[in-house]
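Using the UniProt record's numbering, the first residue of the sequence shown is number 1, and each one after it goes up by one.
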Amino acid sequence: MYTFKLPYCCPMEVKVVSSETDARREVKIFILWRGVLARRQVRKLRHEELVWLGMIPGNLNLLLHKSNVVKLAQRVEAVRRVTQSIFEQEYQDALIKVKEKIRESEGNDMREMMQDQIRQWFVECRPS
């Protein structure tokens with residue numbers, strides 16, 4: 001009688017009676033190995049499915065890499081927001097300057113023109 005153990009993933013011992021032929025022993029060993037390989041495949045597929053469903057983390061290095069990418073994206077977004085606020089402030093300042101410049105250069109002319117239009121309207125629409 002021969003006794004041998006399968007790999008660590010299959011905790012059973014196989015007993016083969018010495019009266020069996022070599023062919024029958026080979027068949028038994030082949031059947032057991034096929035079972036071991038099938039269990040490995042099932043374990044691997046189950047793990048992949050759980051990762052796909054998000055129930056367990058997949059590759060931790062990938063998670064760390066994604067974490068670094070997210071942090072980088074957040075830093076880029078913060079820099080972009082600061083830059084946008086600076087440009088927005090510059091735009092508002094330029095807009096105020098343009099309005100003041102127009103008011104200085106054309107303000108008096110616009111006021112006189114509006115007063116003339118109001119006077120003309122009073123003259124035309126005043127009851128006689």
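Note that CB positions come from ideal geometry on N, CA and C, so glycine has one too. Since the model is a prediction, treat every value here as computed from it, not as a measurement.
Nearest-angstrom Cα separation, counted from Arg39 out to Ile31:
In this structure, the straight-line span from the alpha carbon of Ile31 to that of Arg39 is close to 12 Å.
Quick one: which unbroken alpha helix (DSSP H) runs of 4-plus residues sit fully inside the region 36-124? Chain order, please.
Secondary structure within the region 36-124: not one fully enclosed alpha helix (DSSP H) run of 4 or more consecutive residues is present.
Just to confirm before moving on: does the CB-CB distance between Gly58 and Val69 stay below 7 Å?
No; because the gap between Cβ atoms is not below 7 Å, this pair is not in contact.
May I ask you to report which of helix, strand or coil DSSP gives Arg126?
DSSP, read as helix, strand or coil, puts Arg126 in coil.
Tell me the rounded alpha-carbon separation between Arg43 and Ala73.
Approximately 36 Å, taken between the alpha carbons.
Span separating the alpha-carbon of Lys99 from that of Leu64:
One C-alpha to the other measures close to 52 Å.
Can you give me the Cβ contacts of Phe87 inside the same chain, cut-off strictly under 6 Å, excluding the 5 residues immediately before and after it?
Excluding positions up to five away in sequence, the list is empty.
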